[in-house]
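Student:
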Amino acid sequence: MTRAIGRKMLGSRLPGGALCCLLAALCAPAHAGRIIVRDAGGRPVAPLEAPGKRGAVLLFVTPDCPIANAYAPEIKRIARAYGQKGVDFYLVYADPSVGAAAVRQHVRAYGFGILALLDPGHRLVQV
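The sequence shown begins at 377 in our numbering and counts up by one.
1) By DSSP's criteria, Leu435 is part of a beta bridge. Which residues make up the other side?
2) Distance, Cα to Cα, Val479 vs Lys429?
3) Quick one: measure Cβ to Cβ for Asp415 and Leu493, integer angstroms, because I've assumed they're closer than 8 Å.
4) Taking its Cβ as the centre, do 16 or more other Cβ atoms sit within 10 Å of Ala485, making it buried, or is it exposed?
5) Judging by CA-CA distance, which residue of Glu425, Leu491 and Phe436 is the nearest neighbour of Asp471?
6) When DSSP labels each residue in this structure, what does Pro420 get in the three-state scheme?
7) For Val413, which three-state DSSP category applies?
8) Can you tell me where the beta strand (DSSP E) holding Ala426 begins and where it ends?
9) Between the Cα of Ala457 and the Cα atoms of Val433, Ala446, Pro442 and Val474, which residue gives the shortest distance?
10) Could you name the residues of the same chain whose beta carbon sits closer than 8 Å to that of Ala426, not counting the 5 residues immediately before and after it, in chain order?
11) For the candidate residues Arg453, Ala446, Glu450 and His482, whose alpha-carbon lies nearest to that of Val468?
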């Protein structure tokens, strides 16, 4: 039942597992504290703090993930649609072996247009 409701809410065709990751990111616990990571340009970002926003979605990806790459058009569509409704979207690269240059190239290659974050210490993963 939850899966059907979630799909209807997001209006997407994402597989159930990906949908669960999306919805889980919207439910970060209040005790998570202030988490700051760096974007692909080296700037600090606190993605779980969204003053004036309805929420934040963290999409955990890797440059070589065939599923994330295949769903790039759908990810962009959902980010655009919900960005207009006050929801922030972030691509999170948690693999410590993936550097900022590779992340920038991946974002550019797939035209994500979503802020990319590096989380080599898995601070966001553990939320």
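From the three backbone atoms N, C-alpha and C, an ideal C-beta is built for every residue, glycine too.
Tutor: Considering the structure as presented:
1) Leu467
2) 26 Å
3) 6 Å
4) exposed
5) Phe436
6) strand
7) strand
8) No beta strand (DSSP E) contains Ala426, which DSSP labels as neither H nor E.
9) Val433
10) Ala432 and Asp464
11) His482
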